[in-house]
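Residue numbering for the sequence shown follows this note's numbering, beginning at 317 and increasing consecutively.
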Amino acid sequence: AVKIKAPKKATHTFKVKAPLLAKGQTLCITGSGNELGNWNAIKAIILSRKKDEDFFSAELDLTDALLPIMYKYAVYDIEKKQIVQYEGGENRMLLNAAAPNRQTIINDGFAVLPNNTWKGAGVAVPVFSLRTGKSCGVGEFTDIQLLVDWAVKTGLKLIQLLPVNDTTATHTWTDSYPYAAISAFALHPMYLHLEDVVQPKNKHILTGFEIEKERLNVLEAVDYEAVNALKWNIVKQVYPLQKIALFASDDYQQFFKQNEHWLVPYAVFCYLRDKHNTADFNTWPEHKTYDAAAIALLLDLASGAYDDIAIYFFVQYHLHVQLKAAAQYAHKHGIIVKGDIPIGVYRYGADAWQNPGLYHMDMQAGAPPDDFAVKGQNWSFPTYNWEKMRESGFAWWKQRFEQMSYYFDAFRIDHILGFFRIWSIPVHSVEGIMGHFEPAIPVYRSEFDEKGIWFDKDRYCKPFITGQLLADTFGDQQSYITEHFINYDGFGNYALKPAFNTQRKIEEYFGGLENTPHNQWLKQALFSLISNVILFEAEGSNGQQFHFRFGAEGTSSFRNLEGGTQHKLKELYVNYYFRRQDGFWKTKAMQTLPPLKRVTNMLVCGEDLGLVPACVPDVMRQLGLLSLEIQRMPKDSARSFFHPSDAPYLSVVTPSTHDMSTIRGWWEEDRNKTQQFYNFEMGQWGDAPYFCEPWINKAIVEQHLYSPAMWSIFQVQDLLGMDKDLRRQDPHEERINVPAIPKYYWRYRMHITLEQLIDASEFNTMLQGNITASGR
């Protein structure tokens, strides 16, 4: 706060923002005319700012001023009482004269100051991966405080977490995927620290708990099912003993009122999920459609369902308190907490049940093929109905951002490209390769004629299956395949039988068979037959609009066309994917992102990886959204690696993410890549060491620390990899996720406790020295 005495009379109020000032600095204004000091630095007018206010302001009496007035803002050192730096750009100009009974407010936006004056380093780690002496086989919100203590000791300024929302759909390990939340608002019960929930008079409930807790806590990886079963067992015992007092408390009632819009639907959803033994609300015998009136009856105190529902209120309140306390502890120690917003919502979750109109339930979100997933990715989430969301002013998103701001100062938007366009896959498909971008300007039927391309809709849109392809694919099993799965169409081509003509039907069929390697191979081969197409017809277009299958030129369907047709189709393909969509997608993004960004003061970082449209960097720069720059995933296709020294200021640089192998794991994956990196990115002569030795790991971390990017953020595994004594013996045990495996078990845990890490003085001193030397 800066207090400046205001004049008795003021005709004009100048307002401006400057978020990057150092401690002891404020803004001043100087300009032409006596009222602004005639450009005399000594007579500059200091701006004031109230506590927690965004704007600096100055009130002036310009009754007798000669217009126009030229002026600039400048940074002013309060202690030295002098101007430190003038803002850049042209002089500002005031044309609004003073007038009786009129107050003029000049909102000047941001002072034009360098935006590269501050840099920080952070650590990224999922909450479930934290390990402390007090954990229960999984990291908990209370463990974040020890992570903060370690960050303070080493000079790290930020803690980045993966999503912490409830993902409980099946009560099995498949729920460990943190990006499939059954609620975009509810926190995951497994992060609850039970000892802080159970009151002293009820501690007898914890008898025997310690034995199972210790067994789980020494495990190398998270036992998702056992951890959650143990915690719910205790919660169900303590709830009846503490519910009345809690529900009557002012803090709880304030929490409930503030979060009722999502809390009630979520709690009722969980109750119905368990009552009917499925999260698929479409199969529930009752309440399959959300009805607020019917829900109110269930919540009546006399209802037999009340306690089975209200127990979720109880749990969510305690989770809120514990995460809020962790965030406040971080703030008290100067540490920023960064969250993560998944791009999608679970198909069978509370959000989709409560507001199905906000989503396209007949489609699935995913990603096109890349080097990490050659068949693309299918996340199974419904895609967003942006038009419907716009009708309410994006109310659901604004509520989501507001709830995030309770705990986080910054957040990562998972797959920010989804705000430009999403990879949309029909529900009858399984593989991501069967999708297309939505929205997208299609290829029109007339374009084929204009380019002289022979057009046969069935040839381009139906799976191209010939006897030769069947022989090449299935060999001596061809007769079995044609008998069970294929019909001959009489023209030298084949078609899948109606019972097997979609990937979803094939998956369901093989789901009833033994899961052998042969059956898995056979299923994938049949999937490939279905995806052997060149075009997808746009739904409802009556054969007039089409989308190219990604990588169509690599299909046997394409290769069996004559050369001239191939060439013309390839030109149209390139136009479709890389030219015609850019301006369209930019317009779509500017309709959604700016109104959402305006509702929050959190720092927004976008995960802009994959097939990035050319318009994305410009939109992110305009909106002040930080990009993500990864050394081994260069956005320039002509380069093998991205060098951290080339990063823009408004970015986050990192050597790896949770979807990738760590530095050490990657070093052993591809010898040729490693050798190239060693010689050209590290500037080393000779053969690269087979294993990533500590000095190599350290050199890569230092490259990122010295980057001009605002943030250098590292997985905790990559930081520990710098120390021969602290690093894990097998780096391949440190990977958090493998995107190419749809149902991956997310269970990585740190192999040492945070208490041990805090006591690792030599390592901590080394890390702090590197961070300090880099100016972070």
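Glycine is no exception: its CB is placed at the ideal position from the N, C-alpha and C atoms.
Helix, strand or coil for residue i per DSSP?
| i | result |
| --- | --- |
| P1047 | helix |
| D424 | strand |
| F862 | strand |
| Q419 | coil |
| T458 | helix |
| L617 | coil |
| R408 | strand |
| I732 | helix |
| N917 | coil |
| L1083 | helix |
| T379 | coil |
| R1093 | Lying outside 317 to 1092, the shown extent of the chain, residue 1093 is not represented and no answer is given. |
| F501 | coil |
| L510 | helix |
| V538 | coil |
| L812 | strand |
| M949 | coil |
| M679 | strand |
| K450 | coil |
Based on Cα-Cα distance, which residue from the options lies nearest to residue i?
| i | options | result |
| --- | --- | --- |
| K913 | V932, F894, L941 and N891 | L941 |
| L363 | L383, E766, K333 and L378 | K333 |
| N575 | I1052, A689, A502 and G1091 | A502 |
| L1042 | I1029, P1010 and H1020 | P1010 |
| I764 | Q861, D788, E945 and G856 | Before going on, a small fix: residue 764 reads as Phe here, not Ile. Residue Q861 is the option with its Cα nearest to F764. |
| V690 | E1050, E536 and G926 | G926 |
| L510 | V637, E703, V480 and T327 | V637 |
| D1034 | P384, E406, G438 and L429 | G438 |
| P1058 | E747, S1090 and D772 | E747 |
| G1091 | A618, E1018, Y994 and D975 | E1018 |
| T258 | P672, T1081, V849 and Y664 | For residue 258 there is no data in the structure shown, the boundaries of the chain being 317 and 1092. |
| L383 | L411, N356, I358 and M506 | L411 |
| P516 | A485, E869 and V554 | V554 |
| T346 | K367, I385, Y994 and F900 | I385 |
| A905 | Q882, A609 and P933 | P933 |
With C-beta atoms as the reference, is residue i less than 7 Å away from residue j?
| i | j | result |
| --- | --- | --- |
| F727 | M949 | no |
| T1069 | G449 | yes |
| Q670 | Y628 | no |
| F697 | A683 | no |
| D465 | I1074 | yes |
| Q947 | P971 | yes |
| I1052 | Y1061 | no |
| P685 | F525 | no |
| A1093 | D377 | The requested residue 1093 does not occur in the structure, where the chain is confined to residues 317 to 1092. |
| Y389 | E403 | yes |
| Q401 | A440 | no |
| Q461 | A643 | no |
| G405 | V391 | no |
| S967 | E945 | yes |
| K704 | G673 | yes |
| I769 | K886 | no |
| G471 | Q992 | no |
Output needed for residue i: all residues of its chain with C-beta closer than 6 Å, excluding positions within five of it in sequence on either side, in chain order.
| i | result |
| --- | --- |
| Y892 | V759 and F864 |
| D805 | A811 |
| V513 | H634 |
| K1040 | P1010 |
| A322 | E375 |
| I611 | V584 |
Starting from the C-beta of residue i, find all residues in its chain whose C-beta is less than 7 Å away, skip the five residues before and the five after it, and write them out in chain order.
| i | result |
| --- | --- |
| N809 | I781 and T782 |
| H752 | S740, F852 and H863 |
| D898 | P929, A930 and C931 |
| S492 | Y540, Y1061, W1062 and R1063 |
| Q693 | G682, A683, G748 and P1055 |
| F571 | Y633 and H636 |
Would you say residue i faces chain D, with C-beta separation under 7 Å as the test?
| i | result |
| --- | --- |
| A326 | Absence of chain D from the displayed structure is noted, only one protein chain being present. |
Is residue i near the ligand GTP, with its Cβ less than 6 Å from a heavy atom?
| i | result |
| --- | --- |
| N988 | Ligands displayed in this structure: none; no statement on the ligand GTP is therefore possible. |
Tell me which same chain residues have a C-beta within less than 8 Å of the C-beta of residue i, skipping the five on either side of it?
| i | result |
| --- | --- |
| T599 | H592 |
Exercise for the section: Answer yes if the segment 611 to 629 comes into contact with the segment 585 to 598, meaning at least three C-beta pairs across the two stretches below 8 Å, and no otherwise. Expected result: Touching, yes, given that three or more Cβ pairs across the two stretches are closer than 8 Å.
Handout entry: the segment 982 to 995 / the segment 390 to 398 touching (three or more Cβ pairs under 8 Å)
Key = In short, these stretches do not touch, since the Cβ pair count stays below three.
Problem - Meets three-Cβ-pair contact criterion under 8 Å: the segment 340 to 348 and the segment 359 to 373 - result: Because the criterion of three Cβ pairs below 8 Å is met, the segment 340 to 348 and the segment 359 to 373 touch.
Practice task
Spell out a yes or no on whether the segment 653 to 661 and the segment 494 to 508 are touching, meaning 3 or more CB-CB pairs, one atom from each, closer than 8 Å.
Solution key: By the Cβ rule, the segment 653 to 661 counts as touching the segment 494 to 508, because three or more pairs are nearer than 8 Å.
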